[in-house]
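Chemist: Protein chains in written order, with my numbering: chain R, 1 to 474; chain V, 1 to 371.
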Amino acid sequence: MAFLKASLVALLAGAGSEGPEYPLGPLRTPPMADAAAPFRLVDLRYAFTDDGETLSSFETRVRVGGSLFVGGEVIGERRGLFVDTQRIELGISEEDGSYEIEGSFRAPWFVLGTRAFHEDGEWSVSGAGTVRFTNDVEILLSHSHDLDQSLFAPSPVEEVARSGILPPLGPPSRELHGSSLGVLYQRGNHLEALADARFSRVRTEAGFDLDVARYRLATLWNPDRFEIDGELSYESSSGRLAAKDFTAFLGIDAEVGSHILARASTLQRWEPGVLRFEEDYRFGATFFARRHRFTRRSEASARIFELQKKANALGYNERRVYDLEGLRRFRERLGLSPARLELKEALDELYRAQVRDRNVPQLGFELDIGEDSISGIERRGYRAFIGVPWPVRLPFLRSEDSVEFLLAELTIRHDDYASSLRAVSREVSLTAFLNREMSLVFRWQDPGIAPEEVIVERSRPSRFTASFEYAMGR
Amino acid sequence: MGSEFGMDRRDFLRLGLGGLVGAGVQTDAPVPVPRVNGGINIQPVRRLEPDAGLTPPLILPEVVDAQMRALYELGFEHVRLTLSFDRFGPDFVAAIPYVRAARALGMDVLGVIGQFTGYDLVQAIADPATRDEVLETYLDIFDTDLLAASPALDSPGSFAVQILNEPTHFLGITPVAYVREFLRPAYYHLKEDDPGIPIVAAAAIGSAAGLLQSREMIEAGLELYCDRVAFHLYSTEFLGEVAELAEKPVWVTESAARGAASHREWMTSTFDRIRREVPRTERIFWFDLYDRGTEGFRLIDLAPGLDGSIELVSESAAALDWLHSRVEETLLGVPAIPYRDLVPDITLYFPTEEDIRILGATSFGPSSWRF
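Below you can see the structure in the form of structure tokens.
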């Protein structure tokens, strides 16, 4: 009880805060580097889903003392337990008799992770690792191996005739083993480049094997008021289904004035000499209540750069990351490190810079047009959202002291099948950000009716989800 | 309008084929027209009016008779047609005389278990409660023993089934779902009832997208659940890729060029090229003998005569001439048995009371027909 009481007090505590006002009041700088005494709640998620059947999921994580996080989850039938230190992460979960065990170790110049999955009496194992050469360069390695190398043989007709029971399907196409090698280069905060190659053997659902080679180049470049991300990959399969195809993605985000961000992207997949079999185009624009800032060009990015350099000099082997959750994990790991008191001020400053750099979307629209020739679907998607910032003001006013508060979103998608059937899916959500760390989400989804559901005369029910999330230090 | 042979289009078939079966050196006993011209698709048309609905008679004997005569006289070996489920309604019943007459004339029939429009059939196959009944009824009606039209014919034609037609294109079913949810259960149920019946998997649409769909079907195990793999080839662009895909024998269940001017060339050199470059090809079915469309594939048109008869009208003179010449070459001057001698009355092959009883006993019987 005392722990719960202390946690609630901590959740709502605004004492010692600096920064904006949230609906629940001002927020303190999260004590990332401070030891818990003996526990501190850092994550709490609860979600309730009803789609004819109800499902509850519960996830929590607490900090124990100065150098440990312990977490647990119950998601439907899945139960899991996790323990993280700065250098070691361990997890085990179970669902319907299947077990998943994962772990990783972060050394000063390499990270090694492994995952083992046990289902139906067979194990599949995979490992992945990185080797750090400098602050900016990492070699990426991975290998996976499925110990179940069995070959599916369909039941003979006579046996099915005797039993009168339709035999089960064979396993879907799966990777028997695969290895990859890549290099990641980060230049300052504004450029990232990735090159990798993966070679694998795939056992098809039909029972024959394919050798697949995949080569990929990806980059993200944020020179100033725009950001470009692109990826080009080439995949070749040899064997019965020999094929060579390319996938290209290009996205551009550009600031239009100080408060509007426009985005355009395209994805193309094609097999040279045969067909461009998938294409997707997206266009959108968002109006922000505050001046828009790219994370890589923000005040926080300079602190990320400095903190990563310092962490690696201490042998902590950290990569520069820029997304909200990645940054939170980055700060958490350093907050568990032996040098946490030395890094405390820098960690707090990074958090405060993130708060100062926050973007507050108020109005947005996105159009998605796509086509998939293999499944014979032409897609049209429309997404629009409108936000009400805190403190509440008339809509579409600029205000540098505002934070996100309410966000209502509508997504409609039309899938037109070659058979002339149109499936229309809809999703409506309302998110209330009570403060930077706490949010409530209500979502309703109607998945629409695809041809295969028309055929089985069964439509997927609409789904309602309500969830609460607390994430300390987000 | 005169044909390139200086004859009226309506006269071409009547005189050409009529001449064929009536001419020749008269020293030998007549023989059936030899089956030497491969396969062709036909449409089991009930009446010529596209919106005939339930206008009696549901099936016009002259329409069936005219198409059967053309098939026989043009020397086709294999016939493919859709056995449209139609909840065992008129379109299903209309296929009965086509299948039986063709088989009686010695032609092998490939019946597509399909449906011209709607989801009734795939719903019935997807539902374990109706799957047995539907598939068994197909076999009860079409996979039956029957007599050849004449003792001069070696034997009646065989019967094979194809499970759906271009499922992604016409029904929106993904290639993987087709194999798992439709082909696989249909294969086991049909083989359980008749282990000897050849089962042909559906072909994907005859385009580049269809090639990629075929790949996905093969990867999903299509060849585990069929005896023949099918392709639709309306271009020669991907013959190399098609040849690599299948390990089982291949039936090209649709192939053709648009426009009568291209028909003969396609039937000759392109069909040869397909056989050469896709070595597992066993059968190729031209698309088609007759349809109501204006896409330029059909070989003949059907025209109502003043006396209620149906006349065959040439739409593709060069192709018909070539087919005709191959029959003539094979006959070596021996007279052919006229069609009318073999099929004096097409209604002999029409649905019987037993057929109606079988269909009426199903849960889809006449009381559930939807029109």
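In this text, a Cβ means the ideal position worked out from N, Cα and C, and glycines have one as well. No experiment lies behind these values; they were computed from the predicted model shown.
Confirm, please, whether the CB-CB distance from residue 174 of chain R to residue 146 of chain R is below 8 Å.
Modeler: Yes. Within cutoff.
Chemist: Within 10 angstroms of the Cβ of residue 63 of chain V, are there 16 or more other Cβ atoms? Answer buried if so, exposed if not.
Modeler: Residue 63 of chain V is buried by the Cβ-count criterion.
Chemist: Any heavy atom of the ligand FAD within a distance shorter than 7 Å of the CB on residue 434 of chain R?
Modeler: Looking for the ligand FAD in the displayed structure turns up nothing, as the structure carries no ligands at all.
Chemist: Can you give me the Cβ contacts of residue 419 of chain R inside the same chain, cut-off strictly under 7 Å, excluding the 5 residues immediately before and after it?
Modeler: 451.
Chemist: Within the same chain, show all residues whose beta-carbon is closer than 7 Å to that of residue 250 of chain R, passing over the 5 residues directly before and after it, in chain order.
Modeler: Here the set comprises 230, 265, 266.
Chemist: Leaving aside the five residues before and after residue 197 of chain V along the sequence, list all residues of the same chain whose C-beta is less than 8 Å from its C-beta, in chain order.
Modeler: The residues are 139, 143, 159, 160, 161, 190, 191.
Chemist: Identify, in the order they occur along the chain, each residue of the same chain with its Cβ nearer than 6 Å to the Cβ of residue 429 of chain R, setting aside the five sequence neighbours on each side.
Modeler: For residue 429 of chain R, where only same-chain residues beyond five positions count, the Cβ hits under 6 Å are 409, 443.
Chemist: Nearest chain R C-beta to residue 135 of chain V closer than 8 Å, yes or no?
Modeler: So, not an interface residue.
Chemist: Residue 72 of chain R by DSSP, collapsed to three states: which one?
Modeler: DSSP places residue 72 of chain R in strand when its eight states are reduced to three.
Chemist: Quick one: does residue 504 of chain R have its CB under 8 Å from some CB of chain V?
Modeler: The displayed coordinates of chain R run from 1 to 474. Any statement about residue 504 of chain R would go beyond what the structure contains.
Chemist: So that I know if they touch, is there some Cβ in chain V lying closer than 8 Å to that of residue 417 of chain R?
Modeler: So yes, residue 417 of chain R belongs to the interface.
Chemist: Taking just the CA atoms, how far does residue 248 of chain V sit from residue 268 of chain V?
Modeler: Their backbone Cα atoms lie some 24 Å apart in a straight line.
Chemist: Quick check on the burial criterion: 16 or more other C-beta atoms within 10 angstroms. Buried or exposed for residue 26 of chain V?
Modeler: Confidence at residue 26 of chain V is low in this model, with a pLDDT of 49, below 50, so the placement of that residue is unreliable and no value is reported for it.
Chemist: Rounded to a whole number of angstroms, what is the C-alpha to C-alpha distance between residue 24 of chain V and residue 350 of chain V?
Modeler: Caution is warranted here: a pLDDT of 44 is assigned to residue 24 of chain V, below 50, making its placement in the model unreliable, and no coordinate value can be reported.
Chemist: Within its chain, find whatever has a CB closer than 7 Å to the CB of residue 348 of chain R; leave out the 5 residues flanking it on each side and keep chain order.
Modeler: Cβ within range, chain order: 29.
Chemist: If you measure from the beta carbon of residue 351 of chain V to each beta carbon in chain R, is any gap under 8 Å?
Modeler: Closer than 8 Å: no.
Chemist: Measure the C-alpha to C-alpha separation of residue 299 of chain V and residue 78 of chain V and round it to an integer number of angstroms.
Modeler: So the two alpha carbons sit approximately 16 Å from each other.
Chemist: So what does residue 25 of chain R bridge to, in DSSP terms?
Modeler: Note: residue 25 of chain R sits in a beta bridge opposite R:22.
Chemist: Span of the alpha helix (DSSP H) holding residue 335 of chain R?
Modeler: Here the alpha helix (DSSP H) through residue 335 of chain R covers 324–336.
Chemist: Use the C-beta contact count for residue 352 of chain V: other C-beta atoms within 10 angstroms, 16 or more gives buried, fewer gives exposed.
Modeler: So residue 352 of chain V counts as exposed.
Chemist: The beta strand (DSSP E) with residue 41 of chain V in it runs from where to where?
Modeler: First-last of the beta strand (DSSP E) with residue 41 of chain V: 39–41.
Chemist: Between which residues of its own chain and residue 454 of chain R is the CB-CB distance below 8 Å, once the five residues before and five after are set aside?
Modeler: Counting only Cβ-Cβ distances below 8 Å, and skipping sequence neighbours, we find 421.
Chemist: Starting from the N-terminal side, write out each stretch of the alpha helix (DSSP H) that is 4 residues or longer and does not extend beyond the stretch 91–141 of chain V.
Modeler: Runs found: 120–126.
Chemist: What is the rounded straight-line gap between the Cα of residue 270 of chain V and the Cα of residue 236 of chain V?
Modeler: Straight-line Cα distance between these residues: approximately 8 Å.
Chemist: Run the CB neighbour count on residue 402 of chain R, radius 10 Å, all protein chains shown included, and call it buried at 16 or more, exposed below.
Modeler: The residue is buried, with at least 16 neighbouring Cβ atoms inside 10 Å.
Chemist: May I have a chain-ordered list of the alpha helix (DSSP H) segments no shorter than 4 residues that lie completely inside the stretch 50–82 of chain V?
Modeler: List check, alpha helix (DSSP H) in window: 61–73.
Chemist: Along the chain, where does the beta strand (DSSP E) containing residue 303 of chain R start, and where does it finish?
Modeler: Where residue 303 of chain R is concerned, there is no enclosing beta strand (DSSP E), although the alpha helix (DSSP H) it sits in stretches over 299–313.
Chemist: Can you round the beta-carbon distance between residue 283 of chain V and residue 252 of chain V to whole angstroms, since I take them to be within the 8 Å contact cut?
Modeler: That pair is a contact at about 7 Å.
Chemist: Are there 16 or more other CB atoms within 10 angstroms of the CB of residue 165 of chain R, so buried, or fewer, so exposed?
Modeler: Exposed, because fewer than 16 other Cβ atoms sit within 10 Å of the Cβ of residue 165 of chain R.
Chemist: Taking only three categories from DSSP, how would you classify residue 210 of chain V?
Modeler: Helix.
Chemist: With 8 Å as the threshold, decide whether the Cβ of residue 173 of chain R is near any Cβ in chain V.
Modeler: Yes, residue 173 of chain R counts as interfacial toward chain V.
Chemist: Could you tell me the boundaries of the alpha helix (DSSP H) in which residue 214 of chain R lies?
Modeler: Taken as a continuous stretch (DSSP letters only), residue 214 of chain R belongs to no alpha helix (DSSP H), being part of the beta strand (DSSP E) at 209–221.
Chemist: By the criterion of Cβ-Cβ separation under 7 Å, what are the contact partners of residue 219 of chain V in chain R?
Modeler: Those are 173, 204, 205, 206, 241, listed as they occur along chain R.
Chemist: Using a Cβ-Cβ cut-off of less than 7 Å, give me the residues of the stretch 151–164 of chain R that come near chain V, in sequence order.
Modeler: Those residues of the stretch 151–164 of chain R that come within reach of chain V (Cβ to Cβ, closer than 7 Å) are 154, 157, 160, 161.
Chemist: Between which two residues does the beta strand (DSSP E) harbouring residue 80 of chain R extend?
Modeler: Note, residue 80 of chain R: beta strand (DSSP E), 78–84.
Chemist: Our contact map puts residue 256 of chain V next to residue 231 of chain V with C-beta atoms below 8 Å; I'd like the distance itself, whole angstroms only.
Modeler: Actually they are not in contact, since the Cβ atoms of residue 256 of chain V and residue 231 of chain V sit about 13 Å apart, beyond 8 Å.
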